[in-house]
Amino acid sequence: MRIGIIGAGNIGATLAKHFRRLQHTVLIANSRGPETLAELAKETGATPVAIREAANGVDLLVIAIPMKSVPELPQDLLANLPPKSPIIDTGNYYPLRDGRIPDLDRGLAESAWTSRHLRRPVIKAMNNIVSDSLLKKALPRGAKKRIALPVAGENAQSKKTVMDLLDAVGFDSLDAGSLSESWRFQPGTPAYCPDPTIKQLPKLLERAKRDKAPASRDTAAKLMAKLPPDFPPQELVRVSRLSAGLDLLNPRSWFALLHLLSVAIRSR
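Residue numbers are given in numbering that gives the first Met the number 0: position 231 of the sequence shown equals residue 230, and the series is strictly consecutive.
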């Protein structure tokens with residue numbers, strides 16, 4: 000496939016590595032221009048391009064940018080994107096980073112908001128996994144601890160394309176319904192970043208509480224903002240698993256939670 004990625008942060012760069020490993024052609028763009036992506040191109044084999052070119056005639060487009068940057072995308076971005084090419088939205092809303100977005104504060108699903116701005120259907124996927132897990136925890140099909148990721152959207156064929164790609168990369172996937180249901184794996188919910196298996200994921204989605212998720216999200220964001228730069232990403236995963244009730248017997252998860260709390264207390 001010919002795949003375009005808009006966003007060259009941790010998620011975008013990691014996906015570029017995976018897609019190139021699978022021998023796909025990958026075009027990658029950021030807001031600062033292709034000349035700033037030379038090192039990433041060397042590491043991944045992806046081709047740096049301007050933002051409009053990343054969507055030009057590709058078979059799949061990935062949007063991996065902060066929510067606040069979505070309205071800044073070119074109005075004609077998708078002019079040359081084939082109608083049947085799926086768009087994956089990996090974005091998450093963090094008011095601490097993005098500022099307040101009234102529609103999202105009123106409960107509109109994040110990717111539904113992105114879809115409105117793009118004026119095209121999108122598939123919500125790969126937003127609820129930390130980049131470290133996305134990079135290092137891909138496993139062959141059938142592996143006992145293979146991570147499962149939810150995929151939401153309206154178009155069944157587009158979802159299948161995304162789910163097949165996830166399988167090839169090294170992750171199980173679950174059809175999580177329509178885009179309006181994608182709030183079930185947004186930040187602040189049990190399914191957000193605990194690296195669940197395909198057996199664990201459905202129960203996590205069912206346990207999501209729409210009215211409680213924003214407060215949980217904002218509390219977590221404040222804690223993470225106070226962490227040292229070298230805080231191990233997998234400790235955050237352990238905390239997510241603990242909060243989701245998946246790791247209650249693992250002492251390292253409790254240690255990670257205590258570490259987070261101690262950092263927050265020292266920073267007051």
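Idealized CB from N, CA, C, for every residue including glycine.
What you are looking at is a predicted structure, and each value in this text was computed from that prediction instead of being measured.
- Residue environment: residue 49 is assigned as exposed (fewer than 16 neighbouring CB atoms within 10 Å of its CB, all protein chains considered).
- Within the model, the alpha-carbon separation for residue 75 versus residue 89 is close to 21 Å.
- For residue 94, the enclosing alpha helix (DSSP H) stretches over residues 94 to 97.
- Bounds of any beta strand (DSSP E) do not take in residue 241; it lies within the alpha helix (DSSP H) bounded by 232 to 242.
- The beta carbons of residue 30 and residue 68 sit closer together than 8 Å.
- The three-state secondary structure of residue 161, taken from DSSP, is helix.
- DSSP assignment within the segment 95 to 173 yields the following whole alpha helix (DSSP H) runs of 4 residues or more, N-terminal first: 101 to 104, 109 to 117, 130 to 135, 155 to 168.
- Rounded to the nearest whole angstrom, the CA to CA distance from residue 202 to residue 63 is 27 Å.
- Residue 140 and residue 45 have their C-alpha atoms roughly 26 Å apart.
- By the Cβ neighbour-count rule, residue 109 is buried, with 16 or more other Cβ atoms within 10 Å of its own.
- In the DSSP annotation of this structure, the continuous segment of the beta strand (DSSP E) that includes residue 24 starts and ends at 24 to 28.
- The C-alpha of residue 188 lies about 33 Å from the C-alpha of residue 23.
- If you look at residue 88, you'll find it in the beta strand (DSSP E) that goes 86 to 88.
- Per DSSP, residue 59 lies in no alpha helix (DSSP H); the unbroken beta strand (DSSP E) holding it starts and ends at 59 to 62.
- Per DSSP, residue 81 has no beta bridge partner at all.
- Rounded to the nearest whole angstrom, the CA to CA distance from residue 164 to residue 180 is 21 Å.
- When the Cα atoms are used, residue 229 and residue 161 turn out to be separated by approximately 32 Å.
- About 14 Å separates the beta carbon of residue 216 from that of residue 193, a gap too long to meet the 8 Å contact definition.
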